[in-house]
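Quick note: the first sequence, position 156, residue 366 per the numbering used here, numbers continuous.
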Amino acid sequence: MRIATWNVNSFKVRLPHVLDWLATNQPDVLCLQELKQEESQFPLATLQQAGYQAVFSGQKTYNGVAILSKLTPASVQYGLPDFADEQKRVIAASINGIRIICVYIPNGQSVDSDKYQYKLSWLAALHTWLKNELATHPKLALLGDYNIAPEDRDVYDPQAWAGNVLVSDSERAAFCALEQLGLRDSFRLFDQPEKSYSWWDYRMMAFRRNMGLRIDHILLSEELAKECTACVIDRTPRKLERPSDHAPVMATINPRHMTLSS
DNA sequence: ATGGCTTCATAGTGAAGA
Numbered sequence: 211m212r213i214a215t216w217n218v219n220s221f222k223v224r225l226p227h228v229l230d231w232l233a234t235n236q237p238d239v240l241c242l243q244e245l246k247q248e249e250s251q252f253p254l255a256t257l258q259q260a261g262y263q264a265v266f267s268g269q270k271t272y273n274g275v276a277i278l279s280k281l282t283p284a285s286v287q288y289g290l291p292d293f294a295d296e297q298k299r300v301i302a303a304s305i306n307g308i309r310i311i312c313v314y315i316p317n318g319q320s321v322d323s324d325k326y327q328y329k330l331s332w333l334a335a336l337h338t339w340l341k342n343e344l345a346t347h348p349k350l351a352l353l354g355d356y357n358i359a360p361e362d363r364d365v366y367d368p369q370a371w372a373g374n375v376l377v378s379d380s381e382r383a384a385f386c387a388l389e390q391l392g393l394r395d396s397f398r399l400f401d402q403p404e405k406s407y408s409w410w411d412y413r414m415m416a417f418r419r420n421m422g423l424r425i426d427h428i429l430l431s432e433e434l435a436k437e438c439t440a441c442v443i444d445r446t447p448r449k450l451e452r453p454s455d456h457a458p459v460m461a462t463i464n465p466r467h468m469t470l471s472s
């Protein structure tokens with residue numbers, strides 16, 4: 211079973227890239243962030259023709275998340291519980307016995323911004339929820355744009371970024387707190403190339419110079435981590451015309467005792 | 001070099017992203 215995440219930075223603009231990527235990679239689940247479209251604009255029929263079901267939560271201009279799946283998603287949840295939020299940043303569903311949680315964690319803008327405080331509060335609410343969620347769903351995957359580079363090796367120039375939003379101590383502590391719930395960073399379960407990133411600024415020819423950050427992650431509960439056989443960042447779509455600034459990340463899980471029909 | 005690009009909302013520029 212392959213599960214993936216991709217911040218598409220406008221699903222309207224990126225739909226052709228997503229359809230190509232689905233056809234080539236055949237993930238069983240793809241979590242999307244930054245749809246930037248209202249739900250009435252969501253291209254459900256097109257995705258169904260491509261063999262995918264979808265659940266989604268959208269709004270105009272900003273945010274928006276979706277889960278695309280070959281199997282029909284069940285028990286769908288929208289948003290963080292007990293955290294009032296206009297911003298559409300969370301959708302969760304059960305697929306093939308796995309609790310799939312798709313998140314678009316706030317950016318935070320800068321450490322002295324109100325948005326940074328919102329980000330930290332948001333992360334605290336996520337932590338509280340996941341603690342409960344893991345108790346009821348031992349097979350759980352948390353996929354998305356975390357807007358956190360967990361370690362200096364996830365940053366192209368750690369000195370230049372030191373203390374900045376996306377790498378600050380409080381954000382990294384929040385990431386560690388998720389790991390302390392028993393979640394594992396699937397990318398780091400395996401040997402990986404040095405300077406592996408999932409986002410590159412559109413400016414400064416950052417992609418060509420590999421000036422990036424690794425901020426898109428797939429965290430797996432212990433039960434799933436045991437059965438994870440690979441995790442890769444696919445840089446291919448970042449090279450296309452009009453790319454998203456993020457690359458997709460995909461993990462392969464081979465659950466024993468589970469069969470995936472079509 | 002505190003910008004540099006891209007998107008969306010809008011109808012000339014501004015906000016936001018990371």
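For glycine and all other residues, C-beta sits at the position ideal for the given N, C-alpha and C.
Got a sec, what are the start and stop residues for the alpha helix (DSSP H) residue 267 sits in? For the purposes of this step, residue 267 is identified with residue 57 of the first sequence, where counting begins at 1. That residue, residue 267, is in no alpha helix (DSSP H); its beta strand (DSSP E) goes 263-267.
Between which residues of its own chain and residue 445 is the CB-CB distance below 7 Å, once the five residues before and five after are set aside? Counting from one through the first sequence, the residue named residue 445 turns up at place 235. Answer for residue 445: 457, listed in chain order.
May I ask you to report which of helix, strand or coil DSSP gives residue 472? What you label residue 472 is simply residue 262 of the first sequence in a count that begins at 1. Residue placement at residue 472 is flagged as unreliable, the pLDDT there being 41, under the threshold of 50; the coordinate-derived value follows with that caveat. Three-state result, residue 472: coil.
Residue range of the beta strand (DSSP E) that includes residue 330: Position 120 of the first sequence, counting from 1, holds the residue named residue 330. From DSSP, residue 330 is part of no beta strand (DSSP E) but of the alpha helix (DSSP H) over 324-346.
Helix, strand or coil: how does DSSP classify residue 257 here? Walking along the first sequence from the start, residue 257 turns up at place 47. Three-state DSSP puts residue 257 in a helix.
For the structure I just gave you, are there three or more beta carbon pairs, one from the region 336-348 and one from the region 360-380, closer than 8 Å? no
Bridge partners - residue 279, DSSP secondary structure assignment: Numbered from its first residue, the first sequence carries residue 279 at position 69. Paired residue(s): 239, 263.
Can you list, in chain order, the residues of its chain with a C-beta nearer than 6 Å to that of residue 226? Leave out the 5 residues immediately preceding and following it. Translated into the one-based positions of the first sequence, residue 226 becomes position 16. No residues qualify anywhere along the chain.
Give me the DSSP bridge partner(s) of residue 303. The residue given as residue 303 occupies position 93 in the first sequence. BP columns for residue 303 point to 310.
Span separating the alpha-carbon of residue 259 from that of residue 327: Translated into the one-based positions of the first sequence, residue 259 becomes position 49. Translated into the one-based positions of the first sequence, residue 327 becomes position 117. Their backbone Cα atoms lie some 42 Å apart in a straight line.
Where does residue 446 sit, in a helix, a strand or coil, going by DSSP? Looking up residue 446 in the first sequence gives position 236. Three-state DSSP puts residue 446 in a helix.
N-terminal and C-terminal residue of the alpha helix (DSSP H) that residue 454 is part of: In the first sequence, residue 454 corresponds to position 244, counting from 1. Where residue 454 is concerned, there is no enclosing alpha helix (DSSP H), given that its DSSP letter is neither H nor E.
Does the region 435-442 touch the region 248-257, meaning 3 or more C-beta pairs lie closer than 8 Å? no
For the region 367-419, which segments carrying the alpha helix (DSSP H) assignment without a break, of at least 4 residues, lie completely within its bounds, in sequence order? 368-371, 379-390
Quick check on DSSP: helix, strand or coil for residue 430? Taking the first sequence and counting its residues from 1, one reaches residue 430 at position 220. Residue state, collapsed to three classes: strand.
Taking one C-beta from the region 417-424 and one from the region 341-355 each time, how about it: are there three or more such pairs within less than 8 Å? no
Could you compute how far the alpha carbon of residue 434 sits from the alpha carbon of residue 283? Looking up residue 434 in the first sequence gives position 224. Looking up residue 283 in the first sequence gives position 73. The straight-line gap from Cα to Cα measures roughly 18 Å.
Can you confirm whether the region 445-454 touches the region 380-391 when touching is taken to mean that 3 or more C-beta pairs between the two stretches lie within less than 8 Å? no
By alpha-carbon positions, which one of 312, 366, 295, 289 ends up nearest to residue 240? Position 30 of the first sequence, counting from 1, holds the residue named residue 240. Taking only the C-alpha atoms, the option nearest residue 240 is 312.
Return yes when the Cβ of residue 280 is within less than 8 Å of the Cβ of residue 308, no when it is not. Here the question's residue 308 lines up with position 98 in the first sequence. Here the question's residue 280 lines up with position 70 in the first sequence. Against a cut-off of 8 Å, the Cβ pair of residue 280 and residue 308 comes out as no contact.
For residue 217, which beta-bridge partners are listed by DSSP? As a first step, residue 217 must be located in the first sequence, where it is residue number 7. Beta-bridge pairing links residue 217 to 243.
So what does DSSP say about residue 286, is it helix, strand or coil? On the first sequence, position 76 is the one that residue 286 refers to. Residue 286: strand per DSSP, three-state reduction.
So, for residue 357: in the same chain, excluding its five sequence neighbours on each side, which residues have a beta-carbon less than 7 Å away from its beta-carbon? As a working mapping, residue 357 is identified with position 147 in the first sequence. Here the set comprises 315, 316, 317, 318, 376, 425.
Rounded to the nearest angstrom, how far is the Cβ of residue 301 from that of residue 250, given a contact under 8 Å? Against the first sequence, residue 301 aligns to sequence position 91. Against the first sequence, residue 250 aligns to sequence position 40. The pair is not a contact, with the Cβ atoms about 17 Å apart (cut-off 8 Å).
Rounded separation between residue 381 and residue 461 - CA only: Position 171 of the first sequence holds residue 381. Position 251 of the first sequence holds residue 461. Their backbone Cα atoms lie some 24 Å apart in a straight line.
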